[in-house]
Every structure is written in C-alpha cells, then in structure tokens.
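Residues in the sequence shown are numbered from 410 upward in steps of one, following this note's numbering. Just so it is clear, CB atoms sit at the ideal spot from N, CA and C, and this is done for glycine as well. First the structure, in the form of structure tokens, and then the observations on it.
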Amino acid sequence: MQINPKKLLNSKWTSTVPANKEKHFIVTKLILPLVLDTPITLVELESVFSKRSFTLAWRDLTDTKHWLQGWV
C-alpha cells in the first residue's frame, strides 16, 4: 500500500486490533519535523469513540496487520 503523507490529514483508519472500544480513528494533525525540508514522519490519530489522541509514525499505517484504510 502506498500512502502520500501530505494527504493523510483527515483520513480515516480502522484498527484491526481494537482496544478499549477504540476501533475507528481519524488523522487530526501532521507533526512537522524540526528541520525544514525534511519529510513528515509522524501523525496524530484521534479515536472517534473516546476522542483520545496519540502520535504514530505514518509508515505504521501501511501495516495491514494493525491498520486498514477507511472505516471498516
């Protein structure tokens, strides 16, 4: 699966291993690197159910054992 990190904002994701009833997530923020002109590596995901948010390396979203694109 190929993902463009610049197009991740507001994208929807489903966890294949939900915890605490948190299954559906939305990318709420792209974490910009401290050094300019370097690629984005981190995103902030927010649970639709609990509104809890956490930071994740965007490349981890390509692991289909843990994440599926869209709300499934």
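Next on the checklist: Mapping the DSSP letters down to three states, classify W480 as helix, strand or coil.
Outcome noted: coil
Checklist entry - Who pairs with V452 in a beta bridge, going by DSSP? => result L439, L465
Item to check | N-terminal and C-terminal residue of the beta strand (DSSP E) that K421 is part of | outcome: 421-428
Next on the checklist: Measuring straight from C-alpha to C-alpha, what distance separates F458 and W422?
Outcome noted: 13 Å
Checklist entry - Taking E453 as the reference, which of R468, V436, S420 has the closest Cα? => result Proximity to E453 across R468, V436, S420 peaks at V436, based on C-alpha coordinates.
Checklist entry - Apart from the five residues on each side of it in sequence, which residues of its chain come closer than 7 Å, Cβ to Cβ, to T450? => result Excluding sequence neighbours, T450 sits near P442, A466, W467.
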